[in-house]
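Colleague:
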Amino acid sequence: MYLNSALLIAGAVVVGYVFAARLLWLRYRLRLTQGYHTFLFTAASSVVPLALAGFVVSRPGIECRLGHLVVRLLGPASLHFSPQAISILVLMLVALFLAATVPVLVHHLARLLLGKSMKQLKLNAMYLAEPAPTLSGLQFSSYHYAIPMAVTLSDRKVYVGYPADISSSMYSAYGSEIHLIPLISGYRDPTTLDFIATTSYKTVMDKVAESPGRHVNARMFTISIPEREVVHAHLYDPELAPIFAEHTDRSESD
């Protein structure tokens with residue numbers, strides 16, 4: 006009886022972990038868990054593959070054939086297992102197979118139905134797993150809405166551009182850094198804190214691209230910004246800047 010209980014618990018945790026680690030929408034939530042929360046999360050994640058496995062082995066003759074296969078694989082050790090334990094092993098093996106393969110089918114169907122690439126699905130899953138609005142969340146929004154983000158540093162330096170990689174200490178090997186492909190750089194006016202553009206990276210990229218025999222990859226201009234240096238960040242569309250300037254009243258600040 007104790008063996009059966011141990012097989013059920015251990016099997017459910019392993020099956021749940023494999024399923025959660027392979028399914029995008031659970032993978033990043035799993036990475037955020039610690040200690041007994043990981044145990045509970047993996048156990049809960051095993052419900053779907055175990056339910057599917059239960060349906061499979063309940064088909065006529067399936068459990069019997071798989072049971073004989075397990076007994077042959079165990080050899081003489083099978084004598085230490087009761088028929089109930091063999092049935093549990095069969096269920097767990099089928100569930101483990103489904104936990105590894107079902108996510109692949111789900112991802113494929115999601116790509117077809119949503120018309121998104123695997124990278125887009127991954128970013129969406131990472132965004133949904135974020136526990137709170139953070140700089141990583143702002144990077145996700147920049148990617149999702151195709152709008153640049155403006156990052157103001159502690160020395161008043163400002164960079165406007167697109168995230169080259171979604172960097173977060175929770176998900177990325179890059180750690181807590183922002184990897185930005187800059188379009189414009191400048192600084193904040195010390196008095197008004199208005200953004201004053203000084204360098205157009207996009208113009209430089211276009212000029213270099215016009216040079217004969219030069220191949221330009223925007224990632225060549227990627228800059229790395231430690232999150233600890235960021236004092237403010239927000240989405241910023243350079244094309245809307247003149248419109249905002251036109252409708253900004255400076256009379257009170259003057």
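As numbered in the numbering used here, the sequence shown has no gaps in its residue numbers, which increase by one up to the final residue, 259.
Don't be surprised by glycine CBs; every beta carbon is placed ideally from N, CA and C.
Helix or strand or just coil, what does DSSP make of ILE171?
Modeller: Of the three classes helix, strand and coil, the one that applies to ILE171 here is coil, per DSSP.
Colleague: Suppose you measure from the CA of GLY166 to the CA of ILE189; what does that come to, to the nearest Å?
Modeller: Distance between the alpha carbons of GLY166 and ILE189: 7 Å.
Colleague: For the beta strand (DSSP E) that ILE186 lies in, which residues bound it at each end?
Modeller: Start and end: 182-193.
Colleague: Per the DSSP calculation, TYR164 is bridged to which residue(s)?
Modeller: According to DSSP, TYR164 bridges with VAL156 and SER190.
Colleague: Can you have a look at HIS220 and say buried or exposed, based on whether 16 or more other CB atoms are within 10 angstroms of its CB?
Modeller: Its Cβ having fewer than 16 others within 10 Å, HIS220 is exposed.
Colleague: Quick check: the Cα distance between LEU55 and MET131, rounded to an integer number of angstroms?
Modeller: Rounded to the nearest angstrom, the two C-alpha atoms are 25 Å apart.
Colleague: Keeping to the same chain, check which residues put their C-beta closer than 7 Å to that of ALA105; ignore five residues upstream and five downstream.
Modeller: Excluding residues within five positions, the ones whose Cβ falls inside 7 Å are VAL23 and ARG27.
Colleague: Is the region 8-15 in contact with the region 34-45, if contact means three or more CB pairs nearer than 8 Å?
Modeller: In short, these stretches do not touch, since the Cβ pair count stays below three.
Colleague: Which class does VAL221 belong to by DSSP, given the choice of helix, strand or coil?
Modeller: Correct three-state label for VAL221: coil.
Colleague: Got a sec? Which residues, its chain only, sit under 8 Å from THR203 by beta carbon, not counting five neighbours each side?
Modeller: Once the five neighbours on either side are set aside, the close Cβ partners of THR203 are SER190, GLY191 and TYR192.
Colleague: Considering only the beta carbon of each residue, do GLN144 and ILE171 sit closer than 7 Å?
Modeller: For GLN144 and ILE171, yes; Cβs fall inside 7 Å.
Colleague: Along the chain, where does the alpha helix (DSSP H) containing LEU140 start, and where does it finish?
Modeller: Unbroken alpha helix (DSSP H) run through LEU140: 140-150.
Colleague: Span of the alpha helix (DSSP H) holding HIS112?
Modeller: Per DSSP, HIS112 belongs to the alpha helix (DSSP H) from 88-119.
Colleague: Would you kindly report the start and end of the unbroken beta strand (DSSP E) that includes HIS252?
Modeller: From DSSP, HIS252 is part of no beta strand (DSSP E); its letter is neither H nor E.
Colleague: Taking Cβ to Cβ, would you say LEU128 is nearer than 7 Å to ALA115?
Modeller: No, these two residues do not count as a Cβ contact at 7 Å.
Colleague: Output the distance between the C-alpha atoms of MET97 and ALA15, rounded to the nearest integer angstrom.
Modeller: Their Cα atoms are separated by approximately 10 Å.
Colleague: Classify SER50: buried if its beta carbon has 16 or more other beta carbons within 10 angstroms, exposed otherwise.
Modeller: Classification of SER50: buried, given that the 10 Å Cβ count is 16 or more.
Colleague: My assumption, with CB atoms under 8 Å, is that LEU110 sits in contact with GLU234. Please give the rounded CB distance.
Modeller: The Cβ separation is near 44 Å, so there is no contact.
Colleague: Return the CA-CA distance between ILE230 and LEU198, expressed in angstroms with no decimal places.
Modeller: Approximately 20 Å between the Cα atoms of the pair.
Colleague: List the DSSP bridge partners of PRO231.
Modeller: In DSSP, PRO231 forms a bridge with GLU182.
Colleague: Can you tell me which of the three DSSP states THR208 falls into?
Modeller: Reduced to three states, the DSSP call for THR208 is helix.
Colleague: Which whole-angstrom value describes the C-beta separation of ILE152 and GLU232, a residue pair presumed to lie in contact below a C-beta threshold of 8 Å?
Modeller: Not a contact, Cβ separation roughly 20 Å.
Colleague: Which residue from HIS252, HIS239, GLY21 and TYR33 puts its Cα closest to that of ALA134?
Modeller: Out of HIS252, HIS239, GLY21 and TYR33, TYR33 has the C-alpha closest to the C-alpha of ALA134.
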